[in-house]
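Residues in the sequence shown are numbered from 150 upward in steps of one, following the numbering used here.
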Amino acid sequence: MPTIVIQPLRSPPRTRLRPRPLTARQRSNLRIRRRALENELNTLNATLNARTREYGLLTQEVQQAENHMLDDVRRLRYLPDLLTNSSQRSQMEEEVQTDVGQRASEVIRLLDEYQLNRPDDIEAIERLRGELYALDDAMYANTQALIAPIHEEIDLARTNYDQGYRTYQNLHGRLINHSLLTRDLAQARDDANRQSNDINRALGQGQNIRRHHRPTYKKGKKRKHTRRRRGRRGL
């Protein structure tokens with residue numbers, strides 16, 4: 150059986166097309182466009198530099214607002230515990246260390262004794278109960294007066310937190326918008342740079358084409374056409 154040899158097909162040679170030379174009008178239009186791009190790039194670079202400085206200052210404001218807000222959050226977590234502990238301590242001190250507290254303890258003892266031994270003496274029992282209620286109200290008022298500054302601190306911390314939160318949200322939104330606009334400006338600058346580079350390459354290629362076709366002989370002189378002499382006929 151004969152052997153069949155398969156030879157690879159050769160692709161046809163590719164013809165590299167040279168770019169057509171630019172006309173004078175095209176070159177003039179490209180130079181005008183390049184100057185406009187240079188002005189646009191100068192404006193964009195100046196704007197981006199200014200926005201970079203603004204971004205740094207705005208970032209500092211956002212950080213400061215966040216720090217103030219976190220301070221208010223910590224105070225709002227700490228102050229309620231302080232309020233509870235101070236209230237309990239004040240009540241214990243009122244009951245043990247003040248005349249009102251000692252009188253309340255005495256009235257409680259008498260009230261228990263009357264209710265146990267003289268339950269029919271309603272008038273005395275009601276009188277002792279009334280006095281005990283008044284003493285409790287006095288001790289409660291004293292405790293509230295002692296912890297009133299803590300209540301004020303809590304209210305102030307809540308107000309500051311609400312204001313700080315709104316300030317932080319406002320600044321953070323401005324920072325995001327600033328970043329997005331800066332990104333768009335940077336994209337516009339990159340596009341203008343690419344266009345300028347394309348124009349420079351187009352103008353450079355046009356110059357290379359013109360130089361390639363430039364005649365090598367001096368202007369005003371004729372070129373010599375030399376032919377290879379053939380041998381004499383008949384030889």
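Yeah, the Cβ is synthetic: ideal placement off N, Cα and C, and Gly gets one too. None of the values given here were measured: they were computed from a predicted structure.
Assigned exposure category for residue i - 16 Cβ within 10 Å defines buried
i: leucine 186; result: buried
i: glycine 279; result: exposed
i: valine 245; result: exposed
i: alanine 297; result: exposed
i: aspartate 269; result: exposed
i: aspartate 221; result: buried
i: threonine 292; result: buried
i: glutamate 275; result: exposed
i: alanine 335; result: exposed
i: glutamate 243; result: buried
i: glycine 322; result: exposed
i: tyrosine 317; result: buried
i: alanine 290; result: exposed
i: histidine 361; result: In this prediction, histidine 361 scores a pLDDT of 46, lower than 50, which makes its location untrustworthy; no coordinate-derived value is stated.
i: alanine 306; result: buried
i: leucine 277; result: buried
i: arginine 169; result: exposed
i: leucine 158; result: Summary for leucine 158: the model assigns pLDDT 49, below 50, so the residue's position carries little reliability; its value from the coordinates is reported in the next sentence. With fewer than 16 other Cβ atoms within 10 Å, it is exposed.
i: methionine 241; result: exposed
i: alanine 341; result: buried
Nearest candidate by alpha-carbon position, reference residue i, set the options
i: arginine 182; options: Gly353, Ser345, Arg350; result: Ser345
i: leucine 295; options: Asn188, Asn234, Gln212; result: Asn234
i: glutamate 301; options: Ala287, Leu231, Thr316; result: Leu231
i: glycine 205; options: Thr172, Arg174, His217, Ser328; result: Ser328
i: tyrosine 314; options: Arg169, Arg200, Pro170, Met218; result: Met218
i: glutamine 251; options: Leu284, Glu272, Tyr227; result: Leu284
i: isoleucine 325; options: Leu281, Glu272, Leu207, Ile271; result: Leu207
i: threonine 196; options: Arg350, Arg338, Gly353; result: Arg338
i: threonine 308; options: Arg224, Leu320, Leu277, Asn349; result: Arg224
i: aspartate 286; options: Ala273, Ala253, Leu260; result: Ala253
i: aspartate 333; options: Ile271, Asn194, Val211; result: Asn194
i: leucine 260; options: Val249, Ala273, Asp248; result: Ala273
i: alanine 214; options: Thr331, Asn319, Asn342; result: Asn319
i: leucine 281; options: Asn266, Leu265, Glu255; result: Glu255
i: isoleucine 299; options: Asn266, Gln264, Leu228; result: Leu228
i: arginine 350; options: Thr172, Leu179, Tyr263; result: Leu179
i: arginine 238; options: Met288, Ile271, Asn198; result: Met288
The ligand MG heavy atom lying under 7 angstroms from the CB of residue i
i: alanine 297; result: In the structure shown, the ligand MG is absent, as is every other ligand, since no ligand is present at all.
Discussion item. Restricting to runs no shorter than 4 residues, where is the alpha helix (DSSP H) found entirely within the segment 243-325?
Written reply: 248-266
Worksheet entry | Whole alpha helix (DSSP H) elements within the segment 161-248, 4-residue minimum | 173-246
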